[in-house]
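Asker: Got a structure for you, questions after.
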Amino acid sequence: FRHSRQEIEALAIVKMKELCAMYGKKDPNERDSWRAVARDVWDTVGVGDEKIEDMMVTGKAGTDVDDLKVHIDKLEDILQEVKKQNNMKDEEIKVLRNKMLKMEKVLPLIGSQEQKSQGNQKTEEPLVASANSIPDTGIRKGDSRELAKEERVSQLMNGDPAFRRGRLRWMRQEQIRFKNLQQQEITKQLRRQNVPHRFIPPENRKPRFPFKSNAKHRNSWSPGTHIIITEDEVIELRVPKDEEGRRGNK
Numbered sequence: 284f285r286h287s288r289q290e291i292e293a294l295a296i297v298k299m300k301e302l303c304a305m306y307g308k309k310d311p312n313e314r315d316s317w318r319a320v321a322r323d324v325w326d327t328v329g330v331g332d333e334k335i336e337d338m339m340v341t342g343k344a345g346t347d348v349d350d351l352k353v354h355i356d357k358l359e360d361i362l363q364e365v366k367k368q369n370n371m372k373d374e375e376i377k378v379l380r381n382k383m384l385k386m387e388k389v390l391p392l393i394g395s396q397e398q399k400s401q402g403n404q405k406t407e408e409p410l411v412a413s414a415n416s417i418p419d420t421g422i423r424k425g426d427s428r429e430l431a432k433e434e435r436v437s438q439l440m441n442g443d444p445a446f447r448r449g450r451l452r453w454m455r456q457e458q459i460r461f462k463n464l465q466q467q468e469i470t471k472q473l474r475r476q477n478v479p480h481r482f483i484p485p486e487n488r489k490p491r492f493p494f495k496s497n498a499k500h501r502n503s504w505s506p507g508t509h510i511i512i513t514e515d516e517v518i519e520l521r522v523p524k525d526e527e528g529r530r531g532n533k
């Protein structure tokens, strides 16, 4: 092993920079880390004979050092680009989170306003009917018509177990639907961006070619069948044996 200490230190610096660039992380203790790596190399492999190295041409060593400096500069540029991309991604994620929070705030308000409007309409209807029409003995005059919708829902939730189960099931479905909408919005935003090193799955497409394993197209491989493939479907045309014989005779 004929590398000198300076070459070992330079190689340690280059390798540590490459690792940081590969994983997109910054080492806060760069000097300590590459020095520790160089010491491990010295302890395990050893250092070359300095006398032999002094006899070598100094120009070659100078070119090697220049190449290492150029390589280090390139790595620093790559690290800066990675940092910029990460910062842009963080900003985009913040924007998406703010949108999600706004959606979460708006949807409950819309639901509460609809409930209040429905409750007010239902409370006004019996008052108008009682003022304009003749009261019937079969109509029940209960407090449930005068209460708002939220109060009636709370009463039913406490009193009726079947209504409670249905209400909870509906709430769970709404939560799942809202989460799916949020996930779809996030995926749309991410697909619009041409971000490198990101795998975007293709659309789910049905196989257009009639395979033998498919039960619908199992008979398409028999003689006398013609297949026409369009954008929407696969059309199979069967020719009778008599017509095939006539074509062969012709």
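In terms of our numbering, the sequence shown opens at residue 284 and continues consecutively.
Ideal Cβ positions, reconstructed from N, Cα and C, are used throughout, including at glycine.
Take the Cβ of K357 as the centre, count every other Cβ of all protein chains shown within 10 Å, and call the residue buried at 16 or more, exposed below.
Answerer: In the sequence shown, counting from the first residue as 1, residue 357 sits at position 74. Counting Cβ neighbours within 10 Å, K357 comes out exposed, since fewer than 16 surround it.
Asker: If you draw a straight line from the C-alpha of K382 to the C-alpha of I376, how long is it?
Answerer: Within the sequence shown, numbered from 1, the residue matching residue 382 stands at position 99. Within the sequence shown, numbered from 1, the residue matching residue 376 stands at position 93. Roughly 10 angstroms separates the two Cα atoms.
Asker: Going by C-alpha to C-alpha distance, which of R474, I469, R288 and S287 sits closest to L379?
Answerer: Numbered from 1 along the sequence shown, position 96 holds the residue referred to as residue 379. Per the Cα distances, I469.
Asker: Output needed for M305: all residues of its chain with C-beta closer than 7 angstroms, excluding positions within five of it in sequence on either side, in chain order.
Answerer: Counting from 1 along the sequence shown, the entry for residue 305 is found at position 22. So no residue of the chain qualifies.
Asker: Have a look at E359 and I296 and give me their C-alpha separation to the nearest angstrom.
Answerer: Working through the sequence shown from its first residue, we reach residue 359 at position 76. Working through the sequence shown from its first residue, we reach residue 296 at position 13. Answer to the nearest angstrom: the Cα atoms are 12 angstroms apart.
Asker: Mapping the DSSP letters down to three states, classify K300 as helix, strand or coil.
Answerer: Counted from its first residue, the sequence shown places residue 300 at position 17. Reduced to three states, the DSSP call for K300 is helix.
Asker: For K308, which three-state DSSP category applies?
Answerer: Position 25 of the sequence shown holds residue 308. Coil.
Asker: Among the candidates D443, W317, L473 and R288, whose CA atom is the shortest distance from the CA of L277?
Answerer: Nothing in the structure corresponds to residue 277, since the chain is present only between 284 and 533.
Asker: Take V324 and list the residues in its own chain whose beta-carbon comes closer than 6 angstroms to its own, dropping the five residues that flank it on each side.
Answerer: As a position in the sequence shown, residue 324 is number 41, starting the count at 1. Excluding sequence neighbours, V324 sits near I291.
Asker: With respect to the alpha helix (DSSP H) encompassing D326, which residues constitute its N-terminal and C-terminal limits?
Answerer: Residue 326 sits at position 43 when you count from the first residue of the sequence shown. D326 -> alpha helix (DSSP H) spans E313 to T327.
Asker: If you count every other CB in all the chains shown that lies within 10 Å of the CB of A293, and 16 or more means buried, which is it?
Answerer: What you label residue 293 is simply residue 10 of the sequence shown in a count that begins at 1. By the 10 Å Cβ count, A293 comes out buried.
Asker: Go ahead and pull the three-state DSSP assignment for D443.
Answerer: For the purposes of this step, residue 443 is taken as residue 160 along the sequence shown, with counting starting at 1. Here D443 sits in coil by DSSP.
Asker: So, at 8 angstroms on beta carbons, what are the nonlocal neighbours of L410 in its own chain, with the 5 sequence-adjacent residues on each side left out?
Answerer: What you label residue 410 is simply residue 127 of the sequence shown in a count that begins at 1. Because L410 sits at a pLDDT of 47, beneath the cut-off of 50, its placement in the model cannot be relied upon, and the following sentence gives the value as read from the coordinates. None.
Asker: Taking the Cβ atom as the reference point for each residue, do V328 and M299 lie within a distance shorter than 8 angstroms?
Answerer: Taking the first residue of the sequence shown as position 1, residue 328 is located at position 45. Taking the first residue of the sequence shown as position 1, residue 299 is located at position 16. Not in contact: V328 and M299 (Cβ atoms no closer than 8 angstroms).
Asker: Using the Cβ count rule (16 or more neighbours within 10 Å means buried), how would you classify R488?
Answerer: Position 205 of the sequence shown holds residue 488. Residue placement at R488 is poorly supported in this model, since its pLDDT is 48, which falls under 50; the coordinates still yield a value, given next. Counting Cβ neighbours within 10 Å, R488 comes out exposed, since fewer than 16 surround it.
Asker: By how many angstroms is the C-alpha of K309 removed from the C-alpha of K432?
Answerer: By 1-based counting over the sequence shown, the position of residue 432 is 149. By 1-based counting over the sequence shown, the position of residue 309 is 26. Near 57 angstroms, if we compare the C-alpha coordinates of K309 and K432.
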